[in-house]
Amino acid sequence: MNTTGESPYSPGRIARIVFLAFASFATLYPVFWVFKMALTPSQGFDASPNPFPTDPSLENFNYVLFELPFFTWLFNSIVISVATTILGVFLACTSAYALSRFRFPGRAPAMLSFLVTQMFPGVLMMIPLYLIMDTLGLLDQLLGLVLCTPRRPSRSACGC
Amino acid sequence: VGVRAGRYGYAAAYSTIIFVILLVFTITNRITGATKGAFE
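These protein sequence lines are chains B and P, in that order.
Using the numbering used here, the letters of the first sequence correspond one by one to residues 1 to 160.
Using the numbering used here, the letters of the second sequence correspond one by one to residues 1001 to 1040.
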C-alpha cells in the first residue's frame, strides 16, 4: 500500500522496486545455486550461472539420508543441544541468583572474573580442555562435549 | 560431508536438508507460538 502519497509509477518508486528486486535476487541466488547443486546428480563443481537444475535427481539426498549415518548425527546434535541448554541454564540461574541476591566475600572478584573471562577468545581453551577431557577419559564422547560447551561461567551467567 | 573430497552434490544435499529442518522448526515455532513467551 502506498502511504506516502507518491504515485505508484513515479521514477523514485520504480527505482526502489528495481533495487529491492535486484537485492533479493542477489541474496537468493546462492541459495538457489546450492539447491541446484543438491538436485544435480554429478558431483562436479558446476560454474554455470543458471540457478535451476537441468536434469534434477534425488540421488544426492538418498545418499546423504540413507547411506550416511545422518540420523545418528541428528540424534547426537539433539542430545548435545538439549543437555547443553539444561546445564547452561542451570549454571546461569544459580550463579546469577547468588550474585544478585547475596552479599558474600569474593562476590566482587567473582563478578570481575566473569567480565575478564569474556575478554579471551574461546579457542584459547581448546588445548587445556583437550588435556582435561583426555585425563577424564571423555574424549570422543557426548558427555565430554556437553561438559565443554557451557564451560565458561561468564557466558552461562549472562545467558550467552 | 563432501566438500573436502570434491563431492559438491552431497555437500549441497546435506546443507539443503539442514536448511529444511531449520525452516520446518521455525515455521512450527511461529504457528504454535511455543517460544512466544521468551520475547514478551
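Here a beta-carbon is modelled for each residue, glycine too, at the ideal position from N, C-alpha and C.
Using only the alpha-carbon positions, how far apart do residue i and residue j sit?
{"i": "B/Thr-94", "j": "B/Trp-73", "result": "32 Å"}
{"i": "B/Val-64", "j": "P/Tyr-1010", "result": "7 Å"}
{"i": "B/Ile-14", "j": "B/Pro-30", "result": "25 Å"}
{"i": "B/Ile-132", "j": "B/Ser-113", "result": "21 Å"}
{"i": "B/Val-79", "j": "P/Val-1024", "result": "19 Å"}
{"i": "B/Asp-140", "j": "B/Gly-122", "result": "20 Å"}
{"i": "B/Ser-42", "j": "B/Gly-137", "result": "42 Å"}
{"i": "P/Lys-1036", "j": "B/Val-18", "result": "35 Å"}
{"i": "B/Phe-66", "j": "P/Ile-1018", "result": "15 Å"}
{"i": "P/Thr-1026", "j": "B/Pro-56", "result": "27 Å"}
{"i": "B/Thr-27", "j": "B/Gln-118", "result": "33 Å"}
{"i": "B/Ala-157", "j": "P/Asn-1029", "result": "Caution is warranted here: a pLDDT of 47 is assigned to B/Ala-157, below 50, making its placement in the model unreliable, and the coordinate value is therefore given only provisionally. Taking the straight line from one Cα to the other gives about 26 Å."}
Measure the Cβ-Cβ separation of residue i and residue j and say whether it is below 8 Å.
{"i": "B/Thr-40", "j": "B/Pro-53", "result": "yes"}
{"i": "P/Ala-1005", "j": "B/Phe-61", "result": "no"}
{"i": "P/Tyr-992", "j": "B/Gly-44", "result": "It is not possible to answer for residue 992 of chain P, since the shown part of chain P is limited to 1001 through 1040."}
{"i": "B/Leu-146", "j": "B/Thr-84", "result": "Correcting the residue identity first, residue 146 of chain B is Val in this sequence and not Leu. Yes. Within cutoff."}
{"i": "P/Thr-1016", "j": "B/Phe-70", "result": "no"}
{"i": "B/Arg-107", "j": "B/Leu-99", "result": "yes"}
{"i": "B/Pro-150", "j": "B/Leu-91", "result": "yes"}
{"i": "B/Leu-142", "j": "B/Asn-76", "result": "yes"}
Between which two residues does the alpha helix (DSSP H) carrying residue i extend?
{"i": "B/Val-79", "result": "70 to 101"}
{"i": "B/Phe-104", "result": "No alpha helix (DSSP H) contains B/Phe-104, which DSSP labels as neither H nor E."}
{"i": "B/Leu-145", "result": "142 to 148"}
{"i": "B/Pro-38", "result": "For the sequence presented, residue 38 of chain B should be read as Ala rather than Pro. That run of the alpha helix (DSSP H) goes 11 to 39."}
{"i": "P/Tyr-1008", "result": "1008 to 1032"}
Closest Cβ-Cβ distance between residue i and chain P: below 8 Å?
{"i": "B/Asn-76", "result": "no"}
{"i": "B/Phe-35", "result": "yes"}
{"i": "B/Ser-48", "result": "no"}
{"i": "B/Thr-40", "result": "yes"}
{"i": "B/Gly-44", "result": "yes"}
{"i": "B/Phe-61", "result": "yes"}
{"i": "B/Val-146", "result": "no"}
{"i": "B/Val-64", "result": "yes"}
Check whether chain B comes within 8 Å of residue i, counting only Cβ atoms and requiring the distance to be less than that.
{"i": "P/Gly-1037", "result": "no"}
{"i": "P/Lys-1027", "result": "What sits at residue 1027 of chain P in the sequence shown is Ile, not Lys. False, the Cβ-Cβ gap to chain B never drops below 8 Å."}
{"i": "P/Ala-1012", "result": "yes"}
{"i": "P/Gly-1009", "result": "yes"}
{"i": "P/Gly-1006", "result": "yes"}
{"i": "P/Ile-1017", "result": "yes"}
At a cut-off of 7 Å, is residue i close to the ligand ZN when judged by its beta-carbon and the heavy atoms of the ligand?
{"i": "B/Ser-48", "result": "The model on display carries no ligand, and the ligand ZN is accordingly not part of it."}
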